[in-house]
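Residue numbers are given in my numbering: position 434 of the sequence shown equals residue 1257, and the series is strictly consecutive. C-beta: ideal position from N, C-alpha, C; glycine also. Taking it in order: structure first as structure tokens, then the write-up.
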Amino acid sequence: MTDSSLKKKLMTADEVVKLIPDGATVRISGAALVCSSAIIFKNIRQSFLKTGHPRDLCIVSEGSPGSNVPGYNYFEYLAHKGLVRRVVGGHMGFHHALFPLIRNNEIEAYNISQGVLSILTSERAAGKNGYLTKVGLGTQQDPRHEGCKLNEGLEMEDLVELREVDGEQYLWFKAIREDIAVLKSSYADLNGNITLKAEPSNNDALGVAMAVKNEGGKVFVYVKELKEEYFNPRLVHIPHFLVDGIILDPSIVQAAPHLEYSPYFSNEERCSEEQIHKIIEEDTNNSARKRKIKHKVIARRAAMELYPEVVVNIGFGIPQMISGEAIDLGIDMDSVVMTTETGVSGGVQLSSVFSVSMNTDAIYDQASQFRFYEGGGLDIGFLGALEIDQKGNVNVCKKGTRLAGVGGFNYIVHSSDKLVYCFTFMQGSGYDIENGELVPRDGKDKKIVADVESISMNAGLEFANNKTVLYITERCVLKLKEDGLEIIEIAPGLDLKKDILDHLDFTPSIAVDLKEMPKLCFETKGADYVR
């Protein structure tokens, strides 16, 4: 190819939208704003409102590409009746603009594990029509429960089946053929090759491009800049022959609106320990998601579960703060392998942006990470939770009007020897500072309930698999036992009955040797925390 060949690939977003037929299945990339191509939704909406096309789309995304920051919550652009007929997502935390349409059964919605969608993409690239796995048995992924369906009272296609092979149960996920893929990267070279070298993670860019091209579809890629050079082949992540069009958009962000482009986030450069402290502090102070005392308490207590040479997953939410708290505790982060499901291994993660780490050991494709998880590669999984129940079951998918999705949760649960759940005691609970002392503040909705709305982790199955399961809140720490939950630690100065038991709809067992949570978790000196 030549420079002129590259120019032939250049297109505007509006030109790409004109190539999307009615009823098409469209794959969008990204985890939050990392590698997010969901900016195309703006142009899709404009075309739909002006011409009525494209319409009746199926949108597939393994992550939840977008943000709650105004102007970056891209799924808001799709909240028009008739524009979308179906959504399939792994993590769905930024899909909430579509939830009213889903509740009214105006959009079909499936929450399929991020790991399934990732590995299924790899399988589709090889021409296979599905994927067999044990991950998700006994949960909302299982057709004996919800079968990944989010709608109620609506006849929907079954995308997962229960199968038996050699006397063992598996879940069979059907391939979802995609007509269009829209991806996001950093740069294109003179040949039209795409590199992700300035991105914090790779996600499934190559796998998606291969799968869609092999299925006869078209692949389009957003890039921030065109480079007047030919890339080193080892830095090419999507070769030009898999790309039908390139959209140049200098405005796309690397990780988040409040963060400038940094070679530290892409790991093109390593940073010193002093720089890491500074970056984490700036990120904490400038992020829309403010660091609060309750989060610090939970994350610091979770960090105390780390030990040398441990391989862990850092999940979405409070667990993202564990790296920073571990550094504050003096833990040698070079001896800890922090991973995220998007294909990042090693390093120190930012607390405000998922899948952004500094000084990582390796960045590779997401499907490989999930295969590593599926094979049991993790020692500890640090995860969030919407709610837990008296049996120890965990729900991360949906609660009331809130939709989050399982993301990579099922694979982390399946893989880890120990599971550490990090969540607040109640929705909105926390601590106030009065006369220099921490005083507990109650929240509104209970997060420790009699029965969860949806089962994302089946406690009985995980206990039978000899897993250690901890549930860390700012008021107490619980542990999974054969007959359910047991309180093993309580925050200093709290009254067990008044501050904990009176807020539960059941009575958990109390450890004979009930301990205080370490006082070190409650130190606030030197930190600018908000309530």
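Close CB contacts of L901 within its chain, under the 6 angstroms cut and outside five residues either way in sequence, are with F864 and V907 (chain order). About 29 angstroms separates the beta carbons of A1078 and F1064, which is beyond the 8 angstroms limit, so they are not a contact pair. The residue among V1179, E1128 and D989 with its C-alpha nearest the C-alpha of D1202 is E1128.
Between Q1213 and A1273, the gap from beta carbon to beta carbon is short of 8 angstroms. Here the alpha carbon of F1139 sits roughly 28 angstroms from the alpha carbon of G953. V840 has no beta-bridge partner at all, per DSSP. D1255 is bridged by DSSP to V1262. Under a 10 Å Cβ-count criterion, L1301 is classified as buried, with 16 or more other Cβ atoms of the shown protein chains found around its own Cβ.
With fewer than three CB-CB distances shorter than 8 angstroms, the segment 1091-1107 does not count as touching the segment 1214-1231. Taking 3 residues as the shortest admissible run, the segment 1175-1211 contains the following complete beta strand (DSSP E) segments, listed from N- to C-terminal end: 1203-1206.
Here P1315 is exposed, its C-beta having fewer than 16 other C-beta atoms within 10 Å. The DSSP-derived three-state label of N1218 is strand. Under DSSP, S884 takes part in a beta bridge, and its partners are G912.
Scanning A854, E980, P966 and R947 for the CA closest to the CA of L1006 turns up A854. Assigned with DSSP and collapsed to three states, L1303 falls in strand. The Cβ neighbour count for T874, taken over all protein chains shown within 10 Å, is under 16; the residue is labelled exposed.
For the alpha helix (DSSP H) assignment, the uninterrupted runs of no fewer than 4 residues enclosed by the segment 1024-1060 are, from N- to C-terminal side, 1028-1037.
Within the same chain, V1135, N1136, G1138, I1235, V1236, S1238, S1239, K1241, L1242 and V1243 come within 8 angstroms of G1204 by CB-CB distance, once the 5 residues on both sides are set aside. Beta-bridge partners assigned by DSSP to M1280: V1217. DSSP places T962 in the coil class of the three-state scheme, outside both helix and strand. Distance from I1003 to G1040 at the Cβ level is roughly 6 angstroms; contact confirmed, criterion being Cβ atoms closer than 8 angstroms.
In this structure, DSSP gives G990 a state outside helix and strand, which the three-state scheme calls coil. Assignment of L924 by DSSP, reduced to helix, strand and coil, places it in the helix class. Looking at the DSSP output, R1225 shares a beta bridge with K1222.
Per DSSP, the beta-bridge partners of N1136 are T1162 and G1204.
At least 8 angstroms separates the beta-carbon of N1055 from that of G976. DSSP, read as helix, strand or coil, puts T1330 in coil.
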